[in-house]
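Visitor:
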Amino acid sequence: MHTDTTRENPQANVPQGDAPQDLAATAPGQLRVIKRNGTVVPYTGDKITVAITKAFLAVEGGNAAASSRIHDTVARLTEQVTATFKRRMPSGGTIHIEEIQDQVELALMRAGEQKVARDYVIYREAQANKRKSADAGSAIAEPHPSIRVTLADGSLEPLDMGRLNTIISEACEGLLEVDGALIQKETLKNLYDGVNQKDVNTALVMTARTLVEREPNYSYVTARLLMDNIRAEALSFLNIAASATHHEMAELYAKALPAYVEAGAQFELLDPKLKEYDLEKLGKALNHERDQQFTYLGLQTLFDRYFIHKDGVRFELPQVFFMRVAMGLAIEEPKNREERAIEFYNLLSSFDYMASTPTLFNAGTLRPQLSSCYLTTVPDDLSGIYGAIHDNAMLSKFAGGLGNDWTPVRALGSYIKGTNGKSQGVVPFLKVVNDTAVAVNQGGKRKGAVCAYLETWHMDIEEFLELRKNTGDDRRRTHDMNTANWIPDLFMKRVFEDGKWTLFSPSEVPDLHDLTGKAFEERYEYYEALIEYGKIKLYKTIQAKDLWRKMLSMLFETGHPWLTFKDPCNLRSPQQHVGVVHSSNLCTEITLNTNKDEIAVCNLGSINMVNHIVDGKLDTAKLGRTVKTAVRMLDNVIDINYYSVPQARNSNLKHRPVGLGLMGFQDALYLQHIPYGSDAAVEFADRSMEAISYYAIQASCDLADERGAYETFDGSLWSKGILPLDSQQILIEARGAKYIDVNLDETLDWAPVRERVKKGVRNSNIMAIAPTATISNIIGVSQSIEPTYQNLYVKSNLSGEFTVINPYLVRDLKNRGLWDPVMVNDLKYYDGSVQQIERIPQDLKDLYATAFEVDTKWIVDAASRRQKWIDQAQSLNLYIAGASGKKLDVTYRMAWYRGLKTTYYLRALAATSTEKSTINTGKLNAVSSGGDQGLSAAPAAAPATQASPGPAPVPKACAIDEPDCEACQ
Numbered sequence: 023m024h025t026d027t028t029r030e031n032p033q034a035n036v037p038q039g040d041a042p043q044d045l046a047a048t049a050p051g052q053l054r055v056i057k058r059n060g061t062v063v064p065y066t067g068d069k070i071t072v073a074i075t076k077a078f079l080a081v082e083g084g085n086a087a088a089s090s091r092i093h094d095t096v097a098r099l100t101e102q103v104t105a106t107f108k109r110r111m112p113s114g115g116t117i118h119i120e121e122i123q124d125q126v127e128l129a130l131m132r133a134g135e136q137k138v139a140r141d142y143v144i145y146r147e148a149q150a151n152k153r154k155s156a157d158a159g160s161a162i163a164e165p166h167p168s169i170r171v172t173l174a175d176g177s178l179e180p181l182d183m184g185r186l187n188t189i190i191s192e193a194c195e196g197l198l199e200v201d202g203a204l205i206q207k208e209t210l211k212n213l214y215d216g217v218n219q220k221d222v223n224t225a226l227v228m229t230a231r232t233l234v235e236r237e238p239n240y241s242y243v244t245a246r247l248l249m250d251n252i253r254a255e256a257l258s259f260l261n262i263a264a265s266a267t268h269h270e271m272a273e274l275y276a277k278a279l280p281a282y283v284e285a286g287a288q289f290e291l292l293d294p295k296l297k298e299y300d301l302e303k304l305g306k307a308l309n310h311e312r313d314q315q316f317t318y319l320g321l322q323t324l325f326d327r328y329f330i331h332k333d334g335v336r337f338e339l340p341q342v343f344f345m346r347v348a349m350g351l352a353i354e355e356p357k358n359r360e361e362r363a364i365e366f367y368n369l370l371s372s373f374d375y376m377a378s379t380p381t382l383f384n385a386g387t388l389r390p391q392l393s394s395c396y397l398t399t400v401p402d403d404l405s406g407i408y409g410a411i412h413d414n415a416m417l418s419k420f421a422g423g424l425g426n427d428w429t430p431v432r433a434l435g436s437y438i439k440g441t442n443g444k445s446q447g448v449v450p451f452l453k454v455v456n457d458t459a460v461a462v463n464q465g466g467k468r469k470g471a472v473c474a475y476l477e478t479w480h481m482d483i484e485e486f487l488e489l490r491k492n493t494g495d496d497r498r499r500t501h502d503m504n505t506a507n508w509i510p511d512l513f514m515k516r517v518f519e520d521g522k523w524t525l526f527s528p529s530e531v532p533d534l535h536d537l538t539g540k541a542f543e544e545r546y547e548y549y550e551a552l553i554e555y556g557k558i559k560l561y562k563t564i565q566a567k568d569l570w571r572k573m574l575s576m577l578f579e580t581g582h583p584w585l586t587f588k589d590p591c592n593l594r595s596p597q598q599h600v601g602v603v604h605s606s607n608l609c610t611e612i613t614l615n616t617n618k619d620e621i622a623v624c625n626l627g628s629i630n631m632v633n634h635i636v637d638g639k640l641d642t643a644k645l646g647r648t649v650k651t652a653v654r655m656l657d658n659v660i661d662i663n664y665y666s667v668p669q670a671r672n673s674n675l676k677h678r679p680v681g682l683g684l685m686g687f688q689d690a691l692y693l694q695h696i697p698y699g700s701d702a703a704v705e706f707a708d709r710s711m712e713a714i715s716y717y718a719i720q721a722s723c724d725l726a727d728e729r730g731a732y733e734t735f736d737g738s739l740w741s742k743g744i745l746p747l748d749s750q751q752i753l754i755e756a757r758g759a760k761y762i763d764v765n766l767d768e769t770l771d772w773a774p775v776r777e778r779v780k781k782g783v784r785n786s787n788i789m790a791i792a793p794t795a796t797i798s799n800i801i802g803v804s805q806s807i808e809p810t811y812q813n814l815y816v817k818s819n820l821s822g823e824f825t826v827i828n829p830y831l832v833r834d835l836k837n838r839g840l841w842d843p844v845m846v847n848d849l850k851y852y853d854g855s856v857q858q859i860e861r862i863p864q865d866l867k868d869l870y871a872t873a874f875e876v877d878t879k880w881i882v883d884a885a886s887r888r889q890k891w892i893d894q895a896q897s898l899n900l901y902i903a904g905a906s907g908k909k910l911d912v913t914y915r916m917a918w919y920r921g922l923k924t925t926y927y928l929r930a931l932a933a934t935s936t937e938k939s940t941i942n943t944g945k946l947n948a949v950s951s952g953g954d955q956g957l958s959a960a961p962a963a964a965p966a967t968q969a970s971p972g973p974a975p976v977p978k979a980c981a982i983d984e985p986d987c988e989a990c991q
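Residue numbers for the sequence shown follow the numbering used here, beginning at 23 and rising by one.
(1) Report all residues from its chain with a CB closer than 7 Å to the CB of THR399; omit the five preceding and five following residues, and keep chain order.
(2) Rounded to whole angstroms, how far is the Cβ of ILE635 from the Cβ of VAL649, which I believe are closer than 8 Å?
(3) Using beta-carbon positions only, say whether ILE252 and GLY286 come within less than 8 Å of one another.
(4) By how many angstroms is the C-alpha of THR924 removed from the C-alpha of LEU248?
(5) Sort out for me which residues DSSP pairs LYS639 with in a bridge.
(6) With distance defined between alpha-carbon atoms, name the residue in LEU392, LEU397, VAL455 nearest to HIS412.
(7) Considering only the alpha carbon of each residue, which of TYR242, PRO863, LYS332, ASP250 lies closest to TYR282?
(8) Out of ALA148, LEU204, ARG516, which has the shortest C-alpha to C-alpha gap to LEU569?
(9) If I'm right that SER806 touches ASN625 with Cβ under 8 Å, what's the distance once you round it to whole angstroms?
(10) Per the contact definition of three or more C-beta pairs closer than 8 Å, is the segment 828 to 836 in contact with the segment 849 to 866?
(11) If we call anything under 8 Å between Cβ atoms a contact, is GLU192 one with THR267?
(12) Of all the options GLY447, GLN720, ALA903, which has the alpha carbon lying nearest to the alpha carbon of HIS480?
(13) Hey, could you find the ends of the alpha helix (DSSP H) ASP413 is sitting in?
(14) Report the partner residues of MET789 according to the DSSP bridge assignment.
(15) Grouping DSSP H, G and I as helix and E and B as strand, with all else coil, what is THR651?
(16) Which residues in the same chain have their Cβ closer than 6 Å to the Cβ of THR48, if we skip the five residues on either side of it in sequence?
(17) Which term fits PRO679, buried or exposed, when burial requires 16 or more other beta carbons within 10 angstroms of its beta carbon?
(18) Near LYS57, which residues of its chain fall below 8 Å by C-beta distance, leaving aside the five closest residues on each side in sequence?
(19) By Cβ distance below 7 Å, which residues in the same chain neighbour TYR561 in space, the five residues on each side in sequence not counted?
(20) Assuming LEU585 contacts ILE509 (C-beta within less than 8 Å), just tell me the rounded distance between them.
(21) Return helix, strand or coil for PHE325, following the three-state DSSP convention.
(22) Can ASP893 and ARG784 be called in contact, C-beta distance under 8 Å?
(23) Opposite TRP918 in the DSSP bridges: which residues?
(24) From which residue to which residue does the beta strand (DSSP E) around ASN625 run?
(25) Go ahead and label ASN847 buried or exposed: buried means 16 or more other beta carbons lie within 10 angstroms of its beta carbon, across all protein chains shown.
(26) Run through DSSP, which three-state label would ASP657 get?
(27) Taking only beta-carbon atoms, is TYR142 less than 8 Å away from chain B?
(28) Exposed or buried, what is HIS93 when buried is set at 16 or more other beta-carbons lying within 10 Å of its beta-carbon?
(29) DSSP on GLU530, reduced to helix/strand/coil?
(30) Label LYS297 either buried or exposed according to how many other C-beta atoms from any shown protein chain fall within 10 Å of its C-beta, with 16 as the threshold for buried.
(31) Out of curiosity, what's the CA-to-CA distance linking ILE995 and MET916?
(32) Could you tell me how far apart the beta carbons of TYR275 and GLU360 are, in whole angstroms, since I believe they sit closer than 8 Å?
(33) Going by the beta-carbon positions, is the gap between THR100 and ILE70 smaller than 8 Å?
(34) Which residues bound the beta strand (DSSP E) around GLU127?
(35) So what's PRO390 in DSSP terms, helix, strand or just coil?
(36) Consult DSSP for VAL704 and reduce its assignment to one of helix, strand or coil.
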């Protein structure tokens, strides 16, 4: 956008030393022209007259007969061109000379002067080719003749065109189908005499980002242009250089690292122990070329929300940032510390693997709170309840996502011996939890986030289901926290059998909380029998299907509570010998034991599947190397981590669980040309997770050989040689084959692994698939195991708005000659979907089907295949188009039947499609924190069979429409 200062200051665009005939005489509101060399001069019609006259003379000659007609025609056309610009910019403005020539061409054509217009076009093209040849021989290295830049001290200096061209050239380096000359031309239009230095960079970035929907590679160009500003800010703060080009960073990065560590320690932002590293050795390991990997969204996110800053100045650079994290994770390595830090740095900076957000935030700092998730059980006494809420506040303060098990707390109407009164139940306390999460916002870095879990037999379950409703008594609503059902298998069996279900207060049936499988079933039926003898005072009997329908109805309407399954989580838990899994975490992928003395903790990180697909196949050798280093990094977190409450430290050091996951699954399918909705995709989910599990378990065994097994190893499933795959048989036996259908195939040689784990593993739990919302943005891949949301959309987050386009789709359309402005427009009109664009072949429609165009069956089947290899769980969003009560019923029954441990958000589209974007304005559907455009966790409180009038509010969590949350990753 052009910044017009002339109306406020007539002298603003006067270049130093220029003659009065340039801009000194420019009046406010007058039109101005940017010449090709960058000079800004007043607009005059005489030059247009001369140019048009030359064109006529070249065609018709200079004879007297033609002279009169030419003169009159030229005068009329000149006036038309001038009138066009005055009509567009009545208050004055700046026009590029190319725009004037475009209007001249148009005027000639409209006047019926086709021969003259053709000659004019040919002449323009010939002159353009001459200029390109001249530019190829020597780049512009002189100052701009009429644009001066205002420096930090207020002084002015001419715009350095040589450096501008260097920065643009470096930004386009190695990228196909990007045009540096176009970026320069459009940027100069938006500059003015006296422009601030930082605004020059902003103009470059804004120019390049507008081109992303035309060619995805412009996202990399934009990021590289942004890097120029990031370099200038950091290097200037560290007193290394006022600015630097990308290639100059090959030398400067080695100097930046020690200066950065010194400054960070001085400002008490970094651990002084970082100064004990051989910083010269580490500095030489920094690879400046990896700065070129970022997309615009990725780099802007990193800059805005991750880089360390002092008084608002970010003095961290991307490679320094990754080395800081690596140093922080290697700080307790007993030997070869520098080599380990370099190993960790290479894994992170190559984007082969990425640590979770808390680790990226805090590694190497004075308070290294590196863990992602915390799980707690709330006891049934007032002191314990408020102690748990205090723990929530302390854990949330230092960037942890929380899962609370509230099942032990007695139900509404239960007797309280101490006061001889009756309990108000769970709900009033949850209101306090909700408000605590809002109040403690993690130091301003991100929102506090918590999920409350309640077992399905609890007397308060019906009111619990309604916590997220927008109607009813607001004192019994929690609008800012998440909720989840913790469902025993017996309830699902009663739903299938159309049986009755009894609700109890845990104060009368306290042992149900800790029982699972057949033991739970027997005890639950025993308590039901006691009702007949009057020995159970507080209970309610309902039809299981009625409660199931209400659960699905609330899930559809409000997005909550999520459905998670108690028995698969426990019967397949390696740690069932020392406790019970009472809940999952904020994002439903962590399944660890909790009790009054133990707050479960999990550290997360994710493998980038894209970087492990080579020549259309999974590179298992590289995957094995990545996993080995990643598991070591995750295990290191446990010893380095800052624990804000003692129960968390106790649990984490005793069991040492970690959660290695993956991201970019959808992109990996694109690289293999496999549609998400296919048997081949399900098979790839199976084989890729098998490989990750195979290497991860052995990596933990390697660490056990080096460091020893975790404290509670004896008696675990591991100690018995029972792997995650084998634990499925335990679930089958407990549930009965009638109620489960899971795949048991294996392709790798697991027999030696079964023998090896008996000798010891380092970590009680090793794998979990988290949402990866933000770290996927950083490295520019699809989130976690999600199908593509849309092929073209605008993502809105705290860092701004970013056009996101599917580069794989663009590549395939270009290969078939189908990529053009019309295709871009069609994608906008159809909300990023290719299904209704007739000229796209069916195989590409199948490959690039979006989340709501993939049958939910495929998502569940792929998740089921992964689950057999994972000792924890997956954060699994379910997408249902044309949602109805029947579809939800079938989908969630299938999720349980296929052996899934948990599910996450329901994404439902009602009968009508989403609202079309406005093509005239070019406005894409924006994915913002307010919700998915036209879709929601639940279409606005409407019956499932009706069309949704618009989106219901979507809760704040690591969801596809909430890219600002890093509660897990």
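Positions of the beta carbon are idealized from the N, C-alpha and C atoms, including for glycine.
Guide: This is what the structure gives:
(1) Within the same chain, THR399 has close Cβ partners ASP427, PRO430, HIS604, THR616, ASN617, LYS618.
(2) Contact doesn't hold; Cβ gap of about 15 Å is too wide.
(3) no
(4) 40 Å
(5) According to DSSP, residue pairing for LYS639 in a beta bridge involves VAL636.
(6) VAL455
(7) Ranked by Cα distance from TYR282, the options TYR242, PRO863, LYS332, ASP250 are led by LYS332.
(8) When each option's Cα is compared against that of LEU569, the closest is ARG516.
(9) So it is not a contact: roughly 17 Å between Cβ atoms.
(10) yes
(11) yes
(12) Nearest option by C-alpha distance: GLY447.
(13) 404 to 419
(14) MET789 pairs with LEU682.
(15) helix
(16) For THR48, the pLDDT reaches just 42, beneath the cut-off of 50, and the residue's location in the model is therefore unreliable, although a value from the coordinates is still provided. Correct list, in chain order: PRO64.
(17) buried
(18) VAL63, ILE119
(19) THR524, LEU525, PHE526, ILE553
(20) 6 Å
(21) helix
(22) no
(23) Per DSSP, none; premise fails for TRP918.
(24) 622 to 630
(25) exposed
(26) helix
(27) Within the model displayed, chain B is absent; a lone protein chain is all it includes.
(28) exposed
(29) coil
(30) Only exposed fits LYS297, as fewer than 16 other CB atoms lie within 10 angstroms of its CB.
(31) As shown, the chain starts at 23 and ends at 991. That puts residue 995 outside it, with no answer to give.
(32) Going by Cβ atoms, the distance from TYR275 to GLU360 rounds to 16 Å, so no, they are not a contact pair.
(33) yes
(34) Here GLU127 belongs to no beta strand (DSSP E); instead the alpha helix (DSSP H) covers 119 to 132.
(35) Three-state DSSP puts PRO390 in coil, outside helix and strand.
(36) helix
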